[in-house]
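In terms of the working numbering, the sequence shown opens at residue 81 and continues consecutively. Below you'll find the structure, written out as structure tokens, and then a few comments.
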Amino acid sequence: MSTPGSALAGLSRLDELARAATPVHRLDPRAKVLATAVYLVCVASFGRYEVLGLLPFTLYPVALAAAGGLPAGFLARRLVVVAPFALVVGAFNPLVDRQVVAHVGGLAVTAGWISYASIVLRFLLTAGVALVLVGVTGFTDVCAALGRLGLPRVFVTQLLLLYRYLFVLAGEGQRMARARALRARGRRGMDWRTHASLLGHLLLRAVARAQRLYQAMACRGFRGEVLPLRRLRFGGRDAAFLLGWSAAFVAFRLVDVVPLVGRLVTGGRT
Numbered sequence: 081m082s083t084p085g086s087a088l089a090g091l092s093r094l095d096e097l098a099r100a101a102t103p104v105h106r107l108d109p110r111a112k113v114l115a116t117a118v119y120l121v122c123v124a125s126f127g128r129y130e131v132l133g134l135l136p137f138t139l140y141p142v143a144l145a146a147a148g149g150l151p152a153g154f155l156a157r158r159l160v161v162v163a164p165f166a167l168v169v170g171a172f173n174p175l176v177d178r179q180v181v182a183h184v185g186g187l188a189v190t191a192g193w194i195s196y197a198s199i200v201l202r203f204l205l206t207a208g209v210a211l212v213l214v215g216v217t218g219f220t221d222v223c224a225a226l227g228r229l230g231l232p233r234v235f236v237t238q239l240l241l242l243y244r245y246l247f248v249l250a251g252e253g254q255r256m257a258r259a260r261a262l263r264a265r266g267r268r269g270m271d272w273r274t275h276a277s278l279l280g281h282l283l284l285r286a287v288a289r290a291q292r293l294y295q296a297m298a299c300r301g302f303r304g305e306v307l308p309l310r311r312l313r314f315g316g317r318d319a320a321f322l323l324g325w326s327a328a329f330v331a332f333r334l335v336d337v338v339p340l341v342g343r344l345v346t347g348g349r350t
């Protein structure tokens, strides 16, 4: 399958997963968005050399994905697609920061490798929780929750339309790739002129289709406001979810959970 087709399939799969009816899916989107916001703030607040302190934060996305029935393999494949960005961002840390901070089995571990591991782990946590949030909520309901929480309507609408435009762009790209393959008669490879021409036509076709889609939306009463797919009601269960997880995140941030668990497991022996 082509790259545009793979991207479109991944986005469509997330939308399908968001239509499930598990207890996590039925929670008010605002509770999940606010809890995730607290999670992101706590993860981002750690120092550059922190690794062990970040490990307890894997509990939230894993628990949310398990409760929502999200396939682990699908989430892992989506993370692998964007993981090279984090790997490149921190690639020079081991070369720049050469101070030795520990020895493991006779192998010197420098501060650069520690900070590199922290960057990669932080990326996996933040990107993973974003994927899980969309998978158990739906991007439309996430945008509706952001609007109800006070974000500017223009920003929320642009965010939703940008997401939907990705479907248009990927769909047009897939059709163009299929048309070229049918006309290429087995020839492989393209020169830069062909690439430039295809990209230009892709943009024009996607813009034209997006305009037709907007006109169809306007005919159906769209006035620039994102409406949730279901009526939002913030109840006691939603408040318990938000307060419980937020308290856990703050505790993970303030308490060294990993050493504490280690002492409990070993009976206090070090």
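For each residue, glycine too, the CB sits at the ideal point set by N, CA and C.
Rounded C-alpha distance that separates L334 from R273: 56 Å
Any 3 or more C-beta pairs closer than 8 Å across the region 197 to 208 and the region 228 to 237: no
Straight-line Cα distance separating T116 from V209: 7 Å
L135 and V338 closer than 7 Å at C-beta: yes
Same chain, Cβ closer than 7 Å to A286, five either side skipped, listed in chain order: V248, L249 and E252
CB contact flag (L240, C223, <7 Å): yes
Under 7 Å between C-beta atoms of G215 and L94: yes
Identity of the residues DSSP links to V184 by a beta bridge: L187
Buried versus exposed, by CB contacts within 10 Å (16 or more), G304: exposed
Pick from V184, V341 and P109 that is closest to F219, judged by C-alpha positions: P109
Under the three-state DSSP convention, the category Y129 falls into: coil
Rounded separation between Y129 and A298 - CA only: 51 Å
Segment contact, 8 Å Cβ cut-off, at least three pairs: the region 143 to 160 with the region 177 to 185: no
Coil, strand or helix - D177 by DSSP: coil
Spatial distance of A145 from V212 (CA atoms): 6 Å
Whole-angstrom distance between A111 and D221, CA atom to CA atom: 12 Å
Residue from L205, F126 and V118 with nearest C-alpha to T138: L205
Neighbourhood of F329 by C-beta, 7 Å cutoff - its chain only, sequence neighbours within 5 removed: V118, Y119 and C122
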